[in-house]
Amino acid sequence: MGRAPLVWKYDHGSAFTSEMFQGLLEEYEIVPYPIAAHSPWVNGRKERDHQEVHQWLIPLAGREMSREALDREIDDEMLVRNFIKPRACLGFRKSAQVYFDEDAVLDAADEVRGWLAQGISDAKCELGVAEPDELYEIKNSGERRHRKAVRQALQKLGLYEEWDAAAREGPPEAESVNRSEASNVSF
C-alpha cells in the first residue's frame with residue numbers, strides 16, 4: 005500500500021463491517037469512521053464514484069466474458085479514472101498525481117498517526133467513553149461518540165473542516181449546494 009489514509013469513512017455494508025476489512029484498517033493503523041446508519045447522503049461523493057463504476061459495467065451485462073477480458077475492461081476504466089480523467093474534488097488533478105505526489109502537504113507518517121490517536125483518546129475521555137484508548141473496536145465506545153472524537157481530533161490537527169461550514173470563496177451570493185434561501189429557489 006502506497007500511502008495509507010489516516011481515516012477511512014465507510015457505510016454499514018457487509019464488506020466494510022466484515023472482520024477482514026476491519027482487520028485491514030487496524031493492520032495499517034487507519035482509524036475507522038463509519039457514517040451514521042441509513043444516511044447515504046453523508047457519503048455522497050463516494051456513492052457517485054460507485055455509480056460511475058456501475059456505469060462501466062452496464063455495457064458488460066449479459067455478455068459472456070472470460071475473467072481475463074473482464075479484468076482488462078476494469079483495468080482500462082481504472083486507467084482512465086486514475087491517470088487520465090482529472091477530478092474537481094482534487095483541484096482538477098488526476099488521482100494518480102495526488103496519490104504519488106512526493107511534495108504532498110500531508111505526510112501520513114507515524115508521528116501524525118500518533119498525534120491523531122492521542123487526540124482521539126483525549127476526545128473520548130472528554131466525552132466520557134469507558135475505553136478511550138480503543139480506536140478500532142467502535143462498538144465499545146458507540147459510533148456517534150467515536151465519530152465526534154475523530155472529528156475533534158482531526159480538527160485540532162487542522163486536517164478536517166466541515167464542507168458546509170468552510171470559509172466561502174467567491175461572491176457571497178454564490179451559495180453552496182446544501183443551503184437554500186428564498187432568493188435562490190424557484191419552482
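Numbering (our numbering), first residue to last: 5 to 191. A virtual CB, placed ideally from N, CA and C, is assigned to each residue, including glycine. Fair warning: this is a prediction, and the values are worked out from it, not measured in the lab.
Simplified DSSP assignment, three categories, for residue i
i: R67; result: coil
i: K143; result: helix
i: Y37; result: strand
i: V57; result: helix
i: Y103; result: helix
i: V84; result: helix
i: K13; result: strand
i: K128; result: helix
i: K160; result: helix
i: K89; result: coil
Straight-line gap, residue i to residue j (C-alpha atoms, nearest Å)
i: M69; j: V116; result: 45 Å
i: I142; j: R67; result: 42 Å
i: D105; j: K98; result: 11 Å
i: Y103; j: A8; result: 10 Å
i: Q122; j: H16; result: 26 Å
i: A170; j: A65; result: Interpretation of A170 is limited by its pLDDT of 49, a score under 50 that renders its predicted location unreliable; no figure is taken from the coordinates.
i: D126; j: P38; result: 20 Å
i: A40; j: D53; result: 19 Å
i: I124; j: T21; result: 21 Å
i: H42; j: Y14; result: 12 Å
Contact under 7 Å by Cβ, residue i with residue j
i: L29; j: W12; result: yes
i: L131; j: R148; result: no
i: H31; j: W60; result: Per the sequence shown, the amino acid found at residue 31 is Glu instead of His. Their beta carbons are not under 7 Å apart, which means E31 does not touch W60 by this criterion.
i: V154; j: V57; result: no
Chain C contact for residue i (CB, 7 Å cutoff)
i: P9; result: Protein chains in the displayed structure number just one, and chain C is not present.
Nearest-angstrom Cβ-Cβ length linking residue i and residue j, presumed shorter than 8 Å
i: L120; j: L10; result: 6 Å
Closer than 6 Å: residue i CB and nearest the ligand GDP heavy atom
i: A65; result: The model depicted lacks the ligand GDP and carries no ligand whatsoever.
Q: Tell me, please, whether the stretch 70-78 touches the stretch 152-168 by the rule of three or more beta-carbon pairs shorter than 8 Å.
A: With a cut-off of 8 Å, the stretch 152-168 and the stretch 70-78 do not count as touching, because too few Cβ pairs lie within range.
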